[in-house]
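Novice:
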Amino acid sequence: MQKKTDPVIEVRGLCKRVKDATGELTILDHIDLSIEGGSSVAIVGASGSGKSTLLGLLAGLDSATSGSVRLLGQELTELSEDERAALRNGSVGFVFQSFQLMPHLTALENVTLPLELQGGITTRDAAARARGLLEQVGLGQRTRHYPKLLSGGEQQRVALARAFVTHPAILFADEPTGSLDAATGHAVIDLMFEMNRANGATLILVTHDIELARRCDTTVTIEAGRLA
Numbered sequence: 001m002q003k004k005t006d007p008v009i010e011v012r013g014l015c016k017r018v019k020d021a022t023g024e025l026t027i028l029d030h031i032d033l034s035i036e037g038g039s040s041v042a043i044v045g046a047s048g049s050g051k052s053t054l055l056g057l058l059a060g061l062d063s064a065t066s067g068s069v070r071l072l073g074q075e076l077t078e079l080s081e082d083e084r085a086a087l088r089n090g091s092v093g094f095v096f097q098s099f100q101l102m103p104h105l106t107a108l109e110n111v112t113l114p115l116e117l118q119g120g121i122t123t124r125d126a127a128a129r130a131r132g133l134l135e136q137v138g139l140g141q142r143t144r145h146y147p148k149l150l151s152g153g154e155q156q157r158v159a160l161a162r163a164f165v166t167h168p169a170i171l172f173a174d175e176p177t178g179s180l181d182a183a184t185g186h187a188v189i190d191l192m193f194e195m196n197r198a199n200g201a202t203l204i205l206v207t208h209d210i211e212l213a214r215r216c217d218t219t220v221t222i223e224a225g226r227l228a
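Residues in the sequence shown are numbered consecutively from 1, following full-length UniProt numbering.
Structure below.
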């Protein structure tokens with residue numbers, strides 16, 4: 001079992017290149033990075049700098065052109081897509097700018113879904129845990145509402161509950177307040193940090209918000225695909 005201060009992510013020589021009309025485009029160029037367990041890290045940079053691409057590679061959502069990503073002690077380049085998915089489902093939570101809720105599922109069903117995919121828990125226990133998380137984010141009375149009937153702030157709180165329902169070791173957040181007004185965004189961020197502390201997870205977020213970045217233990221700045 002990893003200690004809280006052990007690196008939960010270790011990156012060495014990470015590169016990401018893609019083909020375009022002019023040839024080969026370098027998105028990330030030889031990134032070296034180490035993130036300790038229980039810490040909070042903000043990844044910042046201008047639009048197009050590669051920060052969201054880096055987040056996707058750290059989470060195993062995308063594959064690097066070269067280099068190494070070790071997530072929770074496992075080398076992602078040595079895992080199949082199914083093995084990476086299993087690792088994510090068991091140990092990683094996600095919060096996206098666009099919420100990524102299933103429109104045909106209620107708030108309760110959206111939060112329960114990761115537990116059903118993970119398995120090893122009864123339907124009743126999964127629903128009870130999901131309901132408890134929705135109550136924690138202030139939506140105990142909205143469990144039967146579909147996403148289209150919820151405000152943007154409420155949808156993001158459902159997404160937070162869904163992210164934490166599997167008790168993840170790491171929470172990845174990509175511009176979590178980008179679709180929200182300032183007041184709602186601040187409330188969601190306060191809730192995210194509060195839940196993260198309560199769960200003892202590692203928080204890694206991409207943001208344009210400098211004030212939000214300052215709340216994190218560490219800031220990683222990406223400039224034109226390189227660590228600044």
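A virtual CB, placed ideally from N, CA and C, is assigned to each residue, including glycine.
Everything numeric in this text was worked out from a predicted model, so none of it was measured.
Between which two residues does the alpha helix (DSSP H) containing A42 stretch?
Specialist: Where A42 is concerned, there is no enclosing alpha helix (DSSP H), although the beta strand (DSSP E) it sits in stretches over 40-44.
Novice: Taking the straight line between their C-alpha atoms, what separation do you get for D6 and K19?
Specialist: 36 Å
Novice: Just to confirm my understanding: we take G45, look at its own chain, exclude 5 residues before and 5 after, and list those with CB closer than 7 Å. What are they?
Specialist: K51, T221, I222, E223
Novice: For A159, which residues from the same chain have a beta carbon less than 6 Å from its beta carbon, with the 5 sequence-adjacent residues on both sides left out?
Specialist: V95, F99
Novice: Is it buried or exposed, I210, if we count other Cβ atoms within 10 angstroms and call 16 or more buried?
Specialist: Burial call: exposed.
Novice: Where G67 and A86 are concerned, what is the direct C-alpha to C-alpha distance, given to the nearest angstrom?
Specialist: 22 Å
Novice: Please give me, in chain order, every unbroken run of the beta strand (DSSP E) with length at least 3 that falls completely inside the segment 27-91.
Specialist: 40-44, 66-71
Novice: Out of L133, T106, V41, point me to the one whose CA is closest to R214's CA.
Specialist: V41
Novice: Which two residues bound the contiguous alpha helix (DSSP H) that contains L205?
Specialist: Careful: L205 lies outside any alpha helix (DSSP H), inside the beta strand (DSSP E) at 202-206.
Novice: With a cut-off of 8 Å on the beta carbons, I'd call N110 and L101 a contact; round off their distance for me.
Specialist: 5 Å
Novice: Which residue marks the beginning of the beta strand (DSSP E) containing G13, and which one marks its end?
Specialist: 7-20
Novice: Along the chain, where does the beta strand (DSSP E) that runs through E223 open and close?
Specialist: It spans 218-223 - the beta strand (DSSP E) in which E223 sits, taken as one unbroken run.
Novice: Need the endpoints of the alpha helix (DSSP H) that residue 316 sits in, please.
Specialist: Nothing can be reported for residue 316, as the shown portion of the chain is limited to 1 through 228.
Novice: Does the distance from the CB of Y146 to the CB of T106 come in under 7 Å?
Specialist: yes
Novice: Please classify I9 as buried or exposed, where buried requires at least 16 other C-beta atoms within 10 Å of its C-beta.
Specialist: With 16 or more other Cβ atoms within 10 Å, it is buried.
Novice: Take A59 as the anchor and find which of G48, S49, G73 has the nearest alpha-carbon.
Specialist: G73
Novice: Going by alpha carbons, who is nearest to Q156 out of T166, D181, H167, A169?
Specialist: D181
Novice: Assuming G38 and G200 are in contact, meaning their beta carbons sit under 8 Å apart, how far apart are those beta carbons, in whole angstroms?
Specialist: 6 Å
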